[in-house]
Each structure stands twice: as structure tokens, then as C-alpha cells.
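Input: a single structure, listed below in C-alpha cells.
Number of protein chains: 2
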Amino acid sequence: MRQPATTARATTSGAPGNVADVRKANLARVLSVIAAAGEDERLSRADIAQLSQLTKASVSSLVTDLLAAGLVTEIGVHRDGERGRPSVGLVLNPARCVLGMEINVDYIAAGLVDLSGKLLAHEVLPRANHSSTASEVLAALGELSQRLQAAAQAQGLMILGGGLAVPGLVNEEHFTVLQAPNLGWVQQELDVAALLPEPKTRFRLFNEANASALAQQQLMDAQENDFLFVSGEVGIGGGLIIDAELFVGPQGHAGELGHVVIAPDGKTCSCGGRGCLETVAGQEAILAAANLGAGVDSAPRQERISQLYQALEAGEEPALSAVSEAGKSLGIAVASALRLYNVSTVVFGGHFAALEQWMRPAMEASLQVHAPSIAGQARLLCSTLGQTGALVGAARSVVGDLLEAPYQLVD
Amino acid sequence: MRQPATTARATTSGAPGNVADVRKANLARVLSVIAAAGEDERLSRADIAQLSQLTKASVSSLVTDLLAAGLVTEIGVHRDGERGRPSVGLVLNPARCVLGMEINVDYIAAGLVDLSGKLLAHEVLPRANHSSTASEVLAALGELSQRLQAAAQAQGLMILGGGLAVPGLVNEEHFTVLQAPNLGWVQQELDVAALLPEPKTRFRLFNEANASALAQQQLMDAQENDFLFVSGEVGIGGGLIIDAELFVGPQGHAGELGHVVIAPDGKTCSCGGRGCLETVAGQEAILAAANLGAGVDSAPRQERISQLYQALEAGEEPALSAVSEAGKSLGIAVASALRLYNVSTVVFGGHFAALEQWMRPAMEASLQVHAPSIAGQARLLCSTLGQTGALVGAARSVVGDLLEAPYQLVD
DNA sequence: CCATATAGTTCAGGACATAAACTAAATGGT
DNA sequence: ACCATTTAGTTTATGTCCTGAACTATATGG
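What follows is the structure in C-alpha cells.
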């Protein structure tokens, strides 16, 4: 009548719960305490014992393993006029990192993220990806990845894994992109091996909005464990963080706000549906409503977007009402989503963040009209994530996996 | 940067991961294997060892504890011409049960549910709860509960806990009902102690739709671990099952489909918003659209509902179009919800199930229009849960908790 | 130079799961 | 009647891991 109890599943995916599992859990526990402290705190073994509620003896033993695995390093003694034996600081090994990558419509990007989540190096390469084949794009990304791998080696950094974010629906298990309409990809298998150095400890594939949501998480207050990230790009994506974890739903595509119905009698969407949010608040929809739509001999999107901002700055119609209509629709979709997820914080990213000043009033008004009882307590924020958001989020999530399963690296 | 790792949290909510936790996990594992087998299979210790991937020795020891805790009982040897020492069957103790209760608009109900999830006894008491005070309702439920407790005692059943479902938003931790507009409750604290015998091992409070979703889970195929249950009562509620677990969101109110916006320019809802699903597909909304609305001297709702069915059977307008409009709106809300949750099965309960034959065509058409890409693979079912659904679901969930944490009962 | 204080390690002890040996209780052939 | 065979369940020796207490290491300050 029930699934195997969660506790049992937590041990090691179905394996019998034996004494060794306790160590796995405690390795992760110690590591999470170290990670939570941040890099400047330099916790001692004694501190960790207190924070983790383990004994000094256990912590000592566990830390020995983590040091051997290269996940943690000891750092110079920190003395400031206190009695007693000086403590030895422990921090996440700064010489380990994860490769984060992103393929988007107008660029590819890659970067190195260390175990504390810090972006050490990155490179963004503008590239018209929708006008070349998937394998060309992947080849270009492979080259970019090679450059960053070389950079890592030059700095003595060991790459432990990688994460890739793409603007579309992904199947993480099979490393396939199911749909990425804005890239022109329909069913694309990714050659993961070409992107990472051997032996690749871990590779994960992310939807761009989900990866951005994970990156956004680092910028939020520590208590803010639940929020919806709405990514306004060519399409409108969403990433949902529940209880500090990414919620992706049964097939991994939850949070997709772009196809929430906001106007039953609205326009037909690229998904075939009618009245989706994307038909009013997607980039092309806004541009079209502002008389800057894609046409036979229209300018490239980036240029038309610049024109949109110029028009907005100048206070011109129909740009203003195009954006305001988008805001109104966004408010409707957000009202429904907040209700369904029971989340009260929304973070807007991508063009929604950039359009904030023109869009927010309409969106807030719309939320007030359609969900007055939650409008008051809802926190509507705009993200400050830049172009590296998605790759950082993808990498950081892989880092999180590594830190949650350190026993994989302890021999 | 991260919450304490899930694995660590799973041990025992923050307690240090020590060897004793392994036993807790394995007690639960053994119990879940026994529960999963159902009552007719009568697994032997050897069977359990195989299914749980634990050794015979461990299972023997664990079963000894479970027998001592009274969660499991041995059942007569089962022989049918096979060689070898006969096995001793193990089943969930049939002499243990949980008290399930429900308060709804038109009735109160209570029942006894055993550890296998079977409803052993129940009583439904029609009662116009909206026209009496909360404490009167609770007193009546207390009496009902007393009767079932007496019945349990008469049958030698020990009550291990209880669950109560109410049609409104609840705060499980504080045992308060935040909103139950259809009961006329605004902020109501529940005196839990009065409802259960001492010592109450466990008491939980549920939203009615969530409880029904949990009950529905038992009726689904074993693989169907993800679905949205939509409860059409006076209000429209929802319960979301993800990965075989109830998903309630950060504040515990996720899944509420009733206030999804399906018509931006629609009617004003009781929640203050505009165009909520409930303004078209709620019981009163349907009745009003069928010219059977509540008025100064209108008949009681139950009677008007009967009139609605008569009109539908007779194929009369405006009843038919009222229901069809409701179906259309329901399709829109479901389209958005399926997208946001990435779930592909929906189960309709309450009046939606009863209205199926008149409502389904419009709903399916609407889903096809607004989400053609998922309409094909979506499974739309109608529930066969009766009036006892919510109380069974609430009780079953408490049973699940007990089975997942058997160490609480092992001395 | 020694009392004091704090950090970290060592060691005996206990709880568990495991594997293998062992006991228990049936069937079936001779 | 007897014994080989088969399966169920228990006992025992072993190893892992955490724990608490004793112990070592290394600083400060009078």
C-alpha cells in the first residue's frame, strides 16, 4: 500500500540499511556543516562536532576521510589571543571545481565553479545557435569546455563534474533534449563525453530556468527556502524551489509557466494551445505588440529589443501598452501558480527583470485583482543574475550532489 | 549554502546519525515490505529477507521487535504439499487501528481503519454544520468518536492515532483551521484531545481534498505514483500526489485548484479575486447558472442539486450549458495545473465525478484547445470514492506515518 | 615555569548488520 | 520405519561505526 519508506530509500537507493550507511550520512553531514559555514569561518573539528551533534572522535575520523578524498583542506591556524591549543581550520577544498555550461539562443557559455559555489572563471561566447545544427553548437561548446579545462589545469584545479543548462525540456537520465523550440531542437541526444574530462564523476543536464532558479537560491535570504523563479527569455520558463530543493515533478518539467492559460480566447501559441502566457508575455509577443515583430525583413531580435527599450524610455506607445499587457498576463499566471504551489515569493529573471519598471505596476495590479488574499503577502522580486546565472546554477547543483554523496569520493 | 543533506535529515530529524538509526530505518523497511504484500500473502521471515535485501538473521531480529510492539502478528502455518520446515506468516496486526474523521458541510463522519488501510467500521451523520457553531460541531464529532472508540474496544481493537479531514485550509502544526468558508469557520482552534483516547500516539489534521487524494491513491494502479485529485464540493479543492507522497507545499495548501484564474474578466469570487475556477464550476456557481441559485427563499442545496440532475437527465437548458461551461473552465484550469505540476493523471471527485457524463466532453475539448500537446497523454479519471473517502484517506495517512516510524512503538 | 584552557586523538565498549554454521520441522522415497 | 532432502528460522563470530572517557598536544598568562 505504500512505497518503501522514505527513510529506507534515503540510505542508498534501495540498498539494505547497514552500519556503513551511517558513515555515508555522517560524511555528508560534516561536509554540509562545513559548507554552510562559508569559506571565511574556518571551522575547527571541535566546532563541527558541536554543530553536527556528533562527537569529537567521530568528527575527527570523518574529517580524515574527507581530507583524503580531497573535498576538504586544512587551513592555517587562526590565533587571536585565546588560550588553549590552536584549532585547525577546515574549508572546502578550493582546488576542486565543477564545470558549468549553458547553451542559449544567442550565446554559449561555460565557467568553473568551486565547491563553495563561487564562479572562478567563465567565458561567454555570442553565437547564433538557432541558425546552426545541434552538433555544430555542441562542437563549439566542446571547444569552449576544452579552454576552461585548460584554464583549470593551469590553476591546479581538479574538475569533479559538470552541468549543462539548455533552454528547453530535458531528460536528465538519457541526456537528451526533448524540446528546445527556440534552438530549433526537437529530439536531440547530447554527447556528454565530449564535454567533460575523463573520468567524469558526474554530469547533469538542466532546463535553463531550473538552473537559474538554483543560482538564484544562493542570492536569497537563508530562510527563503521556497520560491518560484520565472525566466523571461524567448520562451517563458520557470523553476520551483521547495524546501530549498528544486521541484521538477514526475517527468522533470514542472514549473513551466509559459503555457499557463491566461486568456481562454487568446491567440494560438507555438505549443498549439490557445491563450498561453507566452502568447502575450514572450519576447516575440511583446515585440509584436510593440510593432517590432519578426517579419520577412525584420531586424535581428537583439536589435528589435534595443528598439523596444528606446521606445519605452521615450514613453512611446504601443511599446508601453505591450509591456503593460504582458505584465497583466504575467500577474494572472503568477496568481494561479502561487495558489497551486502555495509559494509566496516569486523572482523574475531575464527580460522580466529588465522590464521591471514598465511591467511591475500592471503585474501587481493584476495580481491584486485576481488573488487579493495572497497579493499582500506575496514577495515579488527581480533577479540580478547575469548571463552566467544558468551555468552557475547548473554547476552549483552538481556541487550540491557531490557534497551530499561524499562517500563516492572516499575510497 | 545548503540545507543539511536530505540523507542526514532522514535519519531522525537532526539527531546524530548513529548505529541505532540503522535499526529504525530497517524496522520501517521490514514493515513496509509486510504492508506492501497485503494481508493475504502472509510473508515468511525468509520472504521478507529476500524482498528487503536484509539477511534472514536481521529480519528475524527486527520481526521480534515488531511483534513485541504489536504492529505485526504471526499467523497460522501455511502448508500445501511443499517440502521443508513450514513458514510462519507475518501480517500487520489486525487488532490495531486508527480513527479517521471528517467534518463536511452537510455531515460529520468517523471510522476505524486498520493498518492495512481497510475500513473496519464507520458512521456518517448528516448534520447542517454551517448553521451551528464550531464548538457544537466538534462536540457532535466528539460524541461520534466516542461511539467508534467503544466499538473498537468491543472488538478488541487498539486505537493508535487519528486523523481529521475538514473542507478548508488547515495548519497541521497548531491544529487550527485557518479558513473553511463553507463551514463558516474563519480561524478555529480544534480541541484535539477531546476527539481521541489517551494516550494519543498521533493526530493529524487534513484538508478534505488532500485526504481524499490519499484515499484515492489506494484505488490507483500501483505504478500511478503521481496524480492530481480534484474535489468538487461546495468549494473546489485539490490534492496532489507526487512520487506516492502528498505534496502540500511550503504552507501546506498546495493543490488548491478552485482559485486558478480561468477567465480574467470573469465574476468576482468569494476569495475576492476575479475569474476563479470556483466562480464557474463550484456547486453554487453551477446551480446559479442553471437557474437554481441560492436566493432569499430558495430550497436547500441538496434539493436544488437534485433538481439539477433531473434537468440534466431531461436534457434541459440551462442546466446542460451550465455544466458544460463548468467543464470548459475545469479543462482550462486542469491544463494549467498539469503544465505547472508536470503530472499527467487527474482524478475528479465529488460532484465532478457525478456530473461526468455531462461535463467530460466540454472538459476534454477545452483541454484539447488549450494544451493539445499534453491532452493526448493525459489520463482523466473519475473517482469512485464515496462519502468515507476523506476519513479513510486521513486515517490511512496516519497509518502510513506509524508504519514509517515503528521505532516509536518499539520500546 | 606551571596552572589553565582548548583542540584533537586514542581506546574500550556497545549496537548493528552480516555470513556461515546450526537447529527445527516438514516431505518423499525406499 | 528410516533417512536424505528441503526450506525456515536461530545462533555465533566478525567487522564497522559511533560514543564517552581518558589522554596527548599546544597554546596563554601570571
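Chains as they are written, first to last, in the working numbering: chain S, 2 to 412; chain U, 2 to 412. Where is the CB? At the ideal position from N, CA and C, for every residue including glycine. All figures in this text were calculated on a predicted structure; none of them were measured in a lab.
By the rule that beta-carbons nearer than 7 Å mark a contact, proline 373 of chain S touches chain U. Secondary structure at glycine 239 of chain U: strand, using DSSP grouped into helix, strand and coil.
Contacts with chain U (Cβ-Cβ distance below 7 Å) from the segment 270-299 of chain S involve Cys272, Gly273, Gly274, Arg275 and Gly276, listed in chain order. Nearest Cα to asparagine 130 of chain U within the set U/Thr280, U/Gly394, U/Glu103 and U/Asp41: U/Glu103. At a cut-off of 7 Å, the C-beta of glutamate 257 of chain U has a neighbouring C-beta in chain S. If you ignore the 5 residues before and after valine 235 of chain S, its C-beta comes within less than 6 Å of the C-beta of Val106, Asn183 and Gln284, all in its own chain and listed in chain order.
In this structure the segment 73-90 of chain U does not touch the segment 167-187 of chain U; the number of beta carbon pairs closer than 8 Å is below three. Pairwise C-beta distances place the segment 323-338 of chain U in contact with the segment 350-366 of chain U, as three or more of them are shorter than 8 Å.
Taking alanine 212 of chain U as the centre and dropping the five residues before and after it, the same chain places the C-beta of Ala166, Ala391, Gly394 and Ala395 closer than 6 Å to its C-beta, in chain order. At least one CB of chain S lies nearer than 7 Å to the CB of aspartate 227 of chain U. Here serine 307 of chain S is exposed: its Cβ has fewer than 16 other Cβ atoms, across all protein chains shown, within 10 Å.
Residue contact with chain S for proline 95 of chain U: absent (no Cβ-Cβ distance below 7 Å to any residue of chain S). The beta carbon of asparagine 292 of chain U sits closer than 7 Å to those of Pro319, all from its chain and outside the five residues before and after it, given in chain order. When DSSP states are grouped into helix, strand and coil, glycine 253 of chain U belongs to the coil group.
The continuous beta strand (DSSP E) containing glutamate 103 of chain S extends over residues 97-104. Interface criterion not met: the Cβ of alanine 195 of chain S is under 7 Å from no Cβ in chain U. Only those residues of the segment 157-175 of chain U whose C-beta falls short of 7 Å from the nearest C-beta of chain S would be listed, and there are none. In this structure, valine 20 of chain U and valine 60 of chain S do not form a Cβ contact; the two beta carbons are roughly 16 Å apart against a cut-off of 8 Å. For proline 265 of chain U, no beta strand (DSSP E) segment is defined, and its DSSP state is neither H nor E. In its chain, beyond the 5 residues on either side, Trp186 and Gln189 have a beta carbon closer than 6 Å to the beta carbon of alanine 135 of chain S.
Contact fails between the segment 233-249 of chain S and the segment 297-312 of chain U, because fewer than three Cβ pairs, one in each stretch, are under 8 Å apart. Scanning its chain for C-beta atoms nearer than 7 Å, with the 5 sequence neighbours on each side dropped, one finds around alanine 354 of chain S the residues Cys383 and Ser384, in chain order. Secondary structure at phenylalanine 353 of chain U: helix, using DSSP grouped into helix, strand and coil.
For valine 89 of chain U, there are no C-beta contacts with chain S under 9 Å, since the nearest C-beta of that chain is about 22 Å from it. Using a Cβ-Cβ distance cut-off of 8 Å, the segment 46-62 of chain S and the segment 26-35 of chain S are in contact, since at least three pairs of beta carbons, one from each stretch, lie closer than that value. The beta carbons of glycine 164 of chain U and valine 399 of chain U sit closer together than 7 Å.
Spatial neighbours of glycine 143 of chain U in its own chain (CB-CB distance under 8 Å, excluding positions within 5 residues in sequence) are listed in chain order as Ala195 and Leu196.
Using a Cβ-Cβ cut-off of 7 Å, serine 61 of chain S does not count as an interface residue toward chain U, since no Cβ of chain U sits closer than that to its own. Residues of the same chain with a CB within less than 7 Å of the CB of glutamine 369 of chain U, apart from the 5 flanking positions on each side, are Ala376 in chain order. Distance between leucine 321 of chain S and valine 348 of chain U, taken at the CA atoms: about 43 Å. The Cβ-Cβ distance between alanine 264 of chain U and glycine 274 of chain S does not fall below 7 Å. Judged by DSSP in its simplified three-state form, glycine 185 of chain S adopts coil rather than helix or strand. In the three-state DSSP reduction, proline 127 of chain U falls in the strand class (E or B). Between glycine 157 of chain U and alanine 70 of chain U, the gap from beta carbon to beta carbon reaches 7 Å or more. Rounded to whole angstroms, the separation of the alpha carbons of cysteine 270 of chain U and cysteine 98 of chain U is 41 Å. Interface with chain S (7 Å Cβ-Cβ cutoff): glycine 250 of chain U is included.
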